[in-house]
Amino acid sequence: MRRAATTSTPVPAVRAVLGATDTRAAYEVQRRNVAHLVAAGDRVVGRKIGLTSTAVQRQLGVNEPDFGTLLDSMRVPDGGTVDRRRLLQPKVEAEIAFELAAPITEVPDDPARLVPLIRTARPAIEIVDSRIERWDITIVDTIADNASSGLFVLGDGLLPVDPPALAGVAMRMRRNGVQVSTGRGADCLGSPLLSLHWLATTMAALGDPLQAGDIVLSGALGPMCAVEPGDTFAATVGDTDVSVSFSEGTPS
């Protein structure tokens, strides 16, 4: 994975090495690679949730999401331009991002009781990427690859932190002005709040609970879209907007 990132050359799938169903080993690979980046000066700023679509879960033969780690170096400003050479096989999806106001050390049974622990909900674009050749991934491959994390963009607008509103919020994403993806909050594991509840429960069980200030990308609200050099993507989530562009360059 590190070689793929530093040489801009995807590598073969790792499931043959780790085992086709060994998610524990895959998360350990993720943990070690994140620790390597932090030791080099990066900083953990939150988590991302992947596989929140039941269709994608069926495709990969799993029945729950996965998670990855967000690093400070992954941030892109709203309306910013990404150097295409930073990425290997990028795709874009629109999401809701939460910023936490307090740690979630004890997870309530009712997801609605998480609302007071959320500082903000914002529109987000996640730029997923795969270090695995041709996106030939299973659950083990994507977990080991930090849940296929790439970069992320947070919009400035604020969404209501309200359970019905989060489940019902509409999303539409445009590529160069043409609509390419639509969805609703309910398309993300039933609601972005349910997705956050899953992550909080999982992290607390691992002894690594979510902390105040953490950013959580709650999962895609609709289908992802492949990126071509020169593309601009704009997403509208509820009444809020977020956008990102890509330079003409390709990986060297």
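Residue 67 is where the sequence shown starts when you use the numbering used here, and the numbers rise one by one after that.
Heads up, the beta-carbon is just placed ideally off N, CA and C, and yes, glycines get one too.
When G146, I205, V244, F133 are compared, the shortest CA-CA separation from G116 is found for F133. Boundaries of the alpha helix (DSSP H) around S261: 258 to 271.
Between T204 and the set A231, P275, E159, D88, the nearest pair of CA atoms involves D88. Contact check for V80 against V206 passes: the beta carbons are separated by less than 9 Å. A direct Cα-Cα distance of roughly 19 Å separates E161 from T147. Scanning G112, R151, G85, Y93 for the CA closest to the CA of S74 turns up R151. Look at M140 here: in three-state DSSP terms it is helix.
For the options P169, L262, A300, the alpha carbon positioned closest to that of S284 is the one of L262. Listed in chain order, the non-local C-beta contacts of P76 below 8 Å within the same chain comprise A70, L154, Q155, S196, R197, I198, E199, R200, local neighbours out to five positions each way being set aside. G296 is classed as exposed because its beta carbon has fewer than 16 other beta carbons within 10 Å across all chains shown.
Boundaries of the beta strand (DSSP E) around V303: 298 to 303. Remark: three or more beta-carbon pairs, one from each stretch, lie closer than 8 Å, so the region 137 to 144 and the region 218 to 236 are flagged as touching.
Proximity of the region 102 to 122 to the region 168 to 188 falls short of the contact definition, fewer than three beta-carbon pairs being nearer than 8 Å. Between A301 and M237, the C-beta gap is smaller than 9 Å, which places the two residues in contact. Excluding residues up to 5 positions away in sequence, V110, L137 lie with their Cβ nearer than 8 Å to the Cβ of V104 in the same chain.
For C291, DSSP records a beta bridge to V158.
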